[in-house]
Structure formats: C-alpha cells, structure tokens
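Just so we're aligned: 33 in my numbering is position 18 of the sequence shown, and the numbers increase by one with no gaps anywhere.
Quick reminder that beta carbons are idealized off the backbone N, C-alpha and C, glycines included.
Computed from a predicted structure; not experimentally measured.
For reference, the structure discussed in these notes is given below.
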Amino acid sequence: MAAFPCPVEFGCAFNELVYDRNLHDHRIDVPSTAVDGWLRHYVKARTWTIPDYDGTTRANVEIAIPSLIGTSFCTQPHIAKLLSLSPKTLQRQLAKENVRFSELLDKARQRMARQFLAESEIPVASVAGLLGYAKTPPFTAAVHRWTGWSPRQFRDRSK
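Here you go:
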C-alpha cells in the first residue's frame, strides 16, 4: 500500500502497528491540531514502559497491558499465552510476586486515565472506550475511586 511503506496484512486476529519508540518526539503531520494532540496522547499512553525493568512476571505483564488495553486481547489468558505460560501458571507466578492480574490492569487503566484526562481534550466517553470500559458509568466510578473526583472534575483540576 502506498500509505504504508511496509507490509500490510488483512484478515488478522488483531490490529497492530509496530514502530520505533524514538518516533514519539516526531511531529505527526495532520491538518487538525485536535487530532494531532489526540494521537500523541494515545500513542504515548499505549507505549509506556517500565523504567526499571527487572524481568519479573509482573514487569512483563505491566508491559503487555498498555498495548492491549481497550481490546478483547487484554485478558489474563491472552497475556499468559503471549508470555508462553498457561493462565494458571501466570496466576501462580503473579501470586508469588504478591499481585493479581486485575490489580495490574487497574493500575494501568488508572495511569492511562490520569494521562488522557490531564493532558488531552479527548471526550470522557472516548477515554472510557480506549481503556476497555463498555460504558462511561463504570469508568466514572473507577476515576472517582482513584482520585475522589469525577473525570470532568479531575480534568478541570489538572489544568
């Protein structure tokens, strides 16, 4: 395809775009500054890495979650498969590290929600969808649990 100077595959099980992390600081040439800002926050949030990677199962899961969050693949069984583990083995290894998959997912959602709400004007309903919430009310409840404020209040206070 002329739009992408790389192989493009159709009919795959999931969508994926692989690029060099050094491109984070490149300007995205699009006509709308709103779209430009939205794309920057979206890419930045999805490509977060752990500064002090220690090779633990927890660290591997913390790296996998942001790239899959908001998709049907952000599940314990799928991430276990990516790590070449059975879901039960993943669960046991995380338990040895005193953490549950649901806690890591919640932590990633919280970090990404704070970033999207504080640094962008992406609509709250869209942020909820990007983070894997089927509807806005559960997302609103989660933001309130994390911050004590509604998403709009958090956004207003972050400015």
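Counted within 10 angstroms of its Cβ, other Cβ atoms place residue i as buried (16 or more) or exposed
i: residue 89; result: buried
i: residue 135; result: buried
i: residue 167; result: exposed
i: residue 16; result: Interpretation of residue 16 is limited by its pLDDT of 44, a score under 50 that renders its predicted location unreliable; the figure taken from the coordinates is listed afterwards. With fewer than 16 Cβ atoms within 10 Å of its Cβ, residue 16 is classed as exposed.
Cβ separation of residue i and residue j, assumed to be a contact under 8 angstroms, to the nearest whole Å
i: residue 146; j: residue 76; result: Their Cβ separation, rounded to whole angstroms, is 17 angstroms, which puts residue 146 and residue 76 out of contact at 8 angstroms.
i: residue 73; j: residue 114; result: 5 angstroms
Residue i, enclosing alpha helix (DSSP H) - first and last residue
i: residue 75; result: 72 to 83
i: residue 161; result: 151 to 162
i: residue 118; result: 116 to 134
i: residue 111; result: 102 to 111
i: residue 141; result: 139 to 145
Which listed residue (the options) has its alpha carbon closest to that of residue i
i: residue 86; options: 100, 26 and 148; result: 148
i: residue 112; options: 71, 27 and 172; result: 71
i: residue 164; options: 68, 83, 125 and 81; result: 125
i: residue 172; options: 132, 156 and 144; result: 132
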